[in-house]
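Just below is one structure, and these are the notes that go with it.
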Amino acid sequence: MKQKLAMPLAAIVAAILISPYPAHAKECPLLLEKQGTFEFLTRTDYAWYECGFTKVEINDNLKELAALVATVRKKQVLAGLKGFDAKVALYTINDCAGPDAYGLPVRVSFGLCSWYQCDGKKPARILMEPPEWSVIINTMRGGFTGGVASAGDRVYFSVPGKKEILGAGVDVFDGEIYVMYNPDRPGYWLPVTVREVYNAMVEETKRDKDAYSRDFMLKFIEKEYAAFPEADRGRPAYTAGTNATLPRILGKVSADVTGSPVMRVNPGYWNRKLPRSAIQFIYCRIINNRAYIKKEKEFFLQKNSISYNLYRFLETLDNDTAASLLRHIRR
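Just so it is clear: in the sequence shown, position 152 is 152 by the numbering used here, and no numbers are missing.
This is the structure in structure tokens:
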């Protein structure tokens with residue numbers, strides 16, 4: 001069985017312990033020079049059915065996605081297609097309810113299906129869940145954010161504290177999470193106060209139908225909130241930071257600036273004069289640690305891993321990639 005190998009060390013050890021195959025089993029050689037193909041696996045059912053997007057909106061969105069895919073395809077490794085087939089798939093995102101949502105959300109997955117050949121057998125590749133890189137469209141509740149609380153249509157989440165503005169319309173969080181947006185619009189996230197998050201946590205807890213659990217948690221939350229000085233309640237909310245002397249609510253919320261900022265989506269970011277099919281918000285991950293990527297790439301090549309070609313591709317991603325994606329944001 002071909003292994004991806006791109007997994008944390010603990011997962012590798014666990015896989016070895018439970019695998020029916022010997023740990024020293026050798027992978028079949030990769031076919032590095034085999035000419036590959038490129039395919040955009042378009043479909044019209046990627047829009048979550050409960051969101052109510054029309055056929056016209058979906059078809060118009062597909063045109064915008066096709067243009068974005070064509071941009072990414074210009075990257076050197078995808079243009080050459082040596083040793084793998086590229087399969088671009090669309091995955092459903094159901095983030096379309098409430099005032100926070102507007103544009104048609106979708107995950108565009110660039111799967112790299114490496115070719116390999118075992119002794120005496122035909123060339124083969126793994127098509128199910130191949131190593132991939134994704135671009136996320138039109139959802140501002142990022143998959144890289146951490147959930148804190150929700151109340152009604154309001155969702156509160158933490159975001160990485162380290163932020164860099166590369167230029168108008170491109171922000172980078174933690175050095176590798178890239179957000180592309182329209183800089184002429186209001187900010188896509190809004191900071192919130194400790195008090196606002198506390199109120200949301202209370203509202204969320206009150207929805208618990210188990211009276212004993214509900215009452216216990218309400219008292220606990222209220223007790224922890226009571227430890228906050230009045231001035232701190234009106235300050236920006238953060239996750240629990242490194243200052244253990246400051247009060248916290250459920251270990252999630254504090255006024256400690258060493259934690260991660262707590263935010264909510266700004267519904268005012270969306271330009272609702274544009275059709276819902278338009279791309280207005282993008283995020284993706286670009287690893288800028290070139291030494292790490294090179295090391296992993298060489299390791300995967302040595303092991304004949306199907307993740308080798310993915311890391312060849314990741315090595316080509318940079319700030320210019322983000323700038324090229326920014327051009328697909330509708331103004």
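Glycine residues also receive a C-beta, built at the ideal position from the N, C-alpha and C atoms. All figures in this text were calculated on a predicted structure; none of them were measured in a lab.
Between which two residues does the alpha helix (DSSP H) holding Glu-296 run?
290 to 302 is the extent of the alpha helix (DSSP H) around Glu-296.
Measuring alpha carbon to alpha carbon, tell me which of Leu-314, Leu-78, Asp-153, Thr-242 ends up nearest Thr-258.
For Thr-258, the nearest C-alpha among the options comes from Thr-242.
From Ala-97 to Arg-272, what does the alpha carbon distance come to, in whole angstroms?
Near 15 angstroms, if we compare the C-alpha coordinates of Arg-272 and Ala-97.
For Ala-151, report the span of its beta strand (DSSP E) as first-last.
Looking at the DSSP string, the run of the beta strand (DSSP E) that includes Ala-151 is 146 to 151.
Which same chain residues end up closer than 8 angstroms to Val-192 when comparing Cβ atoms and leaving out the 5 residues on each side of it in sequence?
Answer for Val-192: Tyr-156, Pro-236, Ala-237, Val-262, Met-263, Arg-264, listed in chain order.
Provide the residue span of the alpha helix (DSSP H) that contains Thr-205, from first to last.
Counting along the chain, the alpha helix (DSSP H) containing Thr-205 begins and ends at 194 to 206.
When you compare the CB positions of Ile-93 and Ile-306, do they come within less than 8 angstroms of one another, or not?
No. Outside cutoff.
Return the first residue and the last residue of the alpha helix (DSSP H) that Ala-345 is part of.
The question about residue 345 has no answer here: the residues shown for the chain are numbered 1 through 331.
Please state whether the Cβ-Cβ distance between Met-140 and Tyr-188 is less than 8 angstroms.
For Met-140 and Tyr-188, yes; Cβs fall inside 8 angstroms.
If you compare alpha carbons, which of Thr-321, Lys-303, Glu-315 is closest to Glu-27?
Out of Thr-321, Lys-303, Glu-315, Lys-303 has the C-alpha closest to the C-alpha of Glu-27.
From Thr-71, Arg-290, Asn-319, pick the residue whose C-alpha is nearest to that of Arg-312; which is it?
The candidate whose alpha carbon is nearest that of Arg-312 is Arg-290.
With Lys-87 as the anchor, note down where its beta strand (DSSP E) starts and where it stops.
Unbroken beta strand (DSSP E) run through Lys-87: 84 to 92.
Compute the Euclidean distance between the alpha carbons of Arg-388 and Gly-167, then round it to the nearest angstrom.
Summary: the structure shown does not reach residue 388, with the chain confined to residues 1 through 331, and so no result is reported for it.
Under 8 angstroms, with one C-beta from each stretch per pair, do the stretch 63 to 76 and the stretch 27 to 42 reach the 3-pair mark?
The answer is yes - the stretch 27 to 42 touches the stretch 63 to 76, with three or more Cβ pairs under 8 angstroms.
From what residue to what residue does the beta strand (DSSP E) around Ser-324 run?
Per DSSP, Ser-324 belongs to no beta strand (DSSP E); it is in the alpha helix (DSSP H), 319 to 326.
Using a Cβ distance threshold of 8 angstroms, determine whether the stretch 219 to 227 contacts the stretch 242 to 255, with at least three qualifying pairs required.
As far as the Cβ criterion goes, the stretch 219 to 227 touches the stretch 242 to 255, which means the pair count is three or higher.
Check the C-beta distance from Leu-81 over to Gln-35 and give it rounded, since I have them as a contact under 8 angstroms.
Sure, about 6 angstroms apart at Cβ, within 8 angstroms.
Among Glu-230, Ser-277, Met-217, whose alpha-carbon lies nearest the alpha-carbon of Ser-254?
Taking only the C-alpha atoms, the option nearest Ser-254 is Glu-230.
By Cβ distance, which residues of its chain are closer than 6 angstroms to His-328, with the 5 residues on each side in sequence left out?
The residues are Leu-68, Ile-279.
Enumerate in chain order the residues of its own chain whose CB-to-CB distance from Arg-276 is below 7 angstroms, with the five nearest sequence positions on each side excluded.
Within the same chain, Arg-276 has close Cβ partners Phe-53, Glu-57, Tyr-102, Gly-103, Leu-104.
Would you mind listing the beta strand (DSSP E) stretches within the stretch 34 to 78 that are 3+ residues and don't spill past its ends, in chain order?
Counting only runs of 3 or more, we get 38 to 41.
If you draw a straight line from the alpha carbon of Pro-131 to that of Ile-286, how long is it in whole angstroms?
Cα to Cα, Pro-131 sits roughly 15 angstroms from Ile-286.
As a quick exercise: from Val-108, Leu-317, Asp-232, pick the residue whose alpha carbon is nearest that of Asn-138.
When each option's Cα is compared against that of Asn-138, the closest is Val-108.
Do the CB positions of Leu-32 and Gly-83 come within less than 8 angstroms of each other?
Result yes, Cβ atoms of Leu-32 and Gly-83 sit closer than 8 angstroms.
Span of the alpha helix (DSSP H) holding Glu-164?
Premise fails: Glu-164 lies in the beta strand (DSSP E), 163 to 167, not in any alpha helix (DSSP H).
Considering only C-alpha positions, which residue in the set Leu-301, Pro-186, Asp-171 is nearest to Tyr-283?
Taking only the C-alpha atoms, the option nearest Tyr-283 is Asp-171.
Roughly how many whole angstroms lie between the Cα atoms of Leu-314 and Tyr-198?
One C-alpha to the other measures close to 41 angstroms.
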